[in-house]
Amino acid sequence: MADVGGPAPYIYVSTRMRVRKAKLIPREEYLRMLNMSLPEITRIIGETEYKKEIDELASSFTGINLIEVAISWNLAKEYQEILKITPAGLMRFVQIYLRHWDIQNVLTILRGKVQGMKPEKIKEVLIPAGELDKNILDRLLVEDSPERIVESLKDRSIGAVLAAGINESLETGSFANLENELYKQLYARMIAEAKEGIKGGYEFLGYIQMAIDLKNLITLFRFRAQKAGEDIRDQLIPGGKAFTVDELQRMSALESLDEFIDAARKKTRDPELNALFEELGQKRPVHEVEVLVTKYQLKQMERLSKLHVFSVFPIITYLELKKYEVANLRALARGKEYGLPNERIQGYLVM
Numbered sequence: 021m022a023d024v025g026g027p028a029p030y031i032y033v034s035t036r037m038r039v040r041k042a043k044l045i046p047r048e049e050y051l052r053m054l055n056m057s058l059p060e061i062t063r064i065i066g067e068t069e070y071k072k073e074i075d076e077l078a079s080s081f082t083g084i085n086l087i088e089v090a091i092s093w094n095l096a097k098e099y100q101e102i103l104k105i106t107p108a109g110l111m112r113f114v115q116i117y118l119r120h121w122d123i124q125n126v127l128t129i130l131r132g133k134v135q136g137m138k139p140e141k142i143k144e145v146l147i148p149a150g151e152l153d154k155n156i157l158d159r160l161l162v163e164d165s166p167e168r169i170v171e172s173l174k175d176r177s178i179g180a181v182l183a184a185g186i187n188e189s190l191e192t193g194s195f196a197n198l199e200n201e202l203y204k205q206l207y208a209r210m211i212a213e214a215k216e217g218i219k220g221g222y223e224f225l226g227y228i229q230m231a232i233d234l235k236n237l238i239t240l241f242r243f244r245a246q247k248a249g250e251d252i253r254d255q256l257i258p259g260g261k262a263f264t265v266d267e268l269q270r271m272s273a274l275e276s277l278d279e280f281i282d283a284a285r286k287k288t289r290d291p292e293l294n295a296l297f298e299e300l301g302q303k304r305p306v307h308e309v310e311v312l313v314t315k316y317q318l319k320q321m322e323r324l325s326k327l328h329v330f331s332v333f334p335i336i337t338y339l340e341l342k343k344y345e346v347a348n349l350r351a352l353a354r355g356k357e358y359g360l361p362n363e364r365i366q367g368y369l370v371m
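According to this note's numbering, the sequence shown is numbered sequentially starting from 21.
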């Protein structure tokens, strides 16, 4: 969407985001769905914004497959529609934000290939929202090996990192280090572009730094849960505001959870972040930590979107909320498919 001058395009897109947010599934509905069977959940989803996809795919898929494909299609379509109405002055920020889907899609394809999954099965969960569009992803899916996939991406922004890490990933059977390096590159580029002096860059930089801090916090909690090796430095993303990599490295060596939380709290004067640390100070499974951190991040993004109405924040806040709505529906469907207790499924929901 081209800027036509003045605030009109920004007012329009901000209004459209409010309308879309109002249509997101509320907490009460998730709680209701927890007490439903998978067919009942499918019916409820078919009465929401996912109706078109559910109706179109119902003749080809059933059960959890119908839900997963429908919500993935809907999310991809929603992202493409948002790009169409984004003002030119904000387009660059939105495109930068959406690059994380390139990482997720490529790693999903690589993991699927290694596991011997059929291309059409891998395709069901891809979200063509980044630089790598549907046609490019389709070409990657028919490549006959992970090495060929990486070779075909050599001229892309993620090509060099993929090429440097693919052999280790295939030898160890884990893509975790490669994924981490890709995100390090992504955040470094986001920081660089936010600092280039374009309008709105300073505010966007603050969001990126917050996202890095929270991603690193989750990494620290995973590290503690797994009792991994001594050095966590390589797993951390530089560029956060609240914590340096050196500080996080020192915090990772603290054995007591209380000491760990106290060290984290001393680094911030933000009362809401301190309240988050209070909650994290109770012993919780890692997935519950991730949910709490994600809820904090979404709350901060909501605050930024109200503070900077004519900025990129209303757009990326909605995109994040929509992403987690899809994640919630997927967690609900999978939990029901595997017969998990409602309390356990609820522990994975961001609501």
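Beta carbons: idealized from backbone N, C-alpha and C, even for Gly.
Check: Proximity below 8 Å, CB of P107 to CB of V39; Outcome: no
Check: Cα-Cα separation between E279 and R304, rounded to whole angstroms; Outcome: 16 Å
Check: Pairwise C-alpha distance: L296 and I257; Outcome: 21 Å
Check: Best match in V89, G132, E60 for proximity to D164 [C-alpha to C-alpha]; Outcome: G132
Check: Completely contained alpha helix (DSSP H) runs for the segment 21–85, where each covers 4 or more residues; Outcome: 28–42, 47–53, 58–65, 71–77
Check: Runs of alpha helix (DSSP H) lying entirely within the segment 285–320, each at least 4 residues, in chain order; Outcome: 291–300
Check: Between the CA atoms of E213 and Y358 - distance to the nearest angstrom; Outcome: 44 Å
Check: Stretch pair the segment 228–240 + the segment 333–349: three plus CB contacts closer than 8 Å; Outcome: no
Check: Selection from M371, D251, A273, A283 that minimises the alpha carbon distance to A262; Outcome: A283
Check: Residues near Y227 in its chain [Cβ-Cβ closer than 8 Å; skip 5 each side]; Outcome: M321, L324, F333, I336
Check: 8 Å Cβ shell around K319 - same chain, five flanking residues per side excluded; Outcome: E292
Check: Own chain residues within Cβ distance below 8 Å of D23, not counting five before or after; Outcome: Annotation note: pLDDT 48 at D23 (below 50); position unreliable, coordinate value reported separately. Once the five neighbours on either side are set aside, the close Cβ partners of D23 are P29, P107, A108, G109.
Check: Simplified DSSP state of F330, which is helix, strand or coil; Outcome: coil
Check: Option in E98, E340, K138, L312 with minimal Cα separation from E299; Outcome: L312
Check: Exposure label - Y222; buried when at least 16 CB within 10 Å; Outcome: exposed
Check: Beta-carbon contacts of P139 that lie in its chain and below 7 Å, excluding the five residues immediately before and after; Outcome: L161, V162
Check: Reduced DSSP secondary structure (H/G/I, E/B, other) of S165; Outcome: coil
Check: Cβ neighbours of A351 in the same chain (closer than 7 Å, five flanking residues each side left out); Outcome: I365, Y368, L369
Check: C-beta contact flag for I129 and L202 at 8 Å; Outcome: no
Check: Same chain only: Cβ atoms within 8 Å of I169, ignoring 5 sequence neighbours per side; Outcome: V126, I129, L130, K133, L160, E163
Check: K43 beta carbon less than 8 Å from that of E69; Outcome: yes
Check: Host alpha helix (DSSP H) of T239 (start-end); Outcome: 221–246
Check: Beta-carbon proximity of G260 to Q302, cut-off 8 Å; Outcome: no
Check: Own chain partners of W121 with C-beta closer than 7 Å, once the 5 adjacent residues on each side are dropped; Outcome: I147, A149, G150
Check: Same chain, Cβ closer than 6 Å to L225, neighbours up to 5 away in sequence not counted; Outcome: A214
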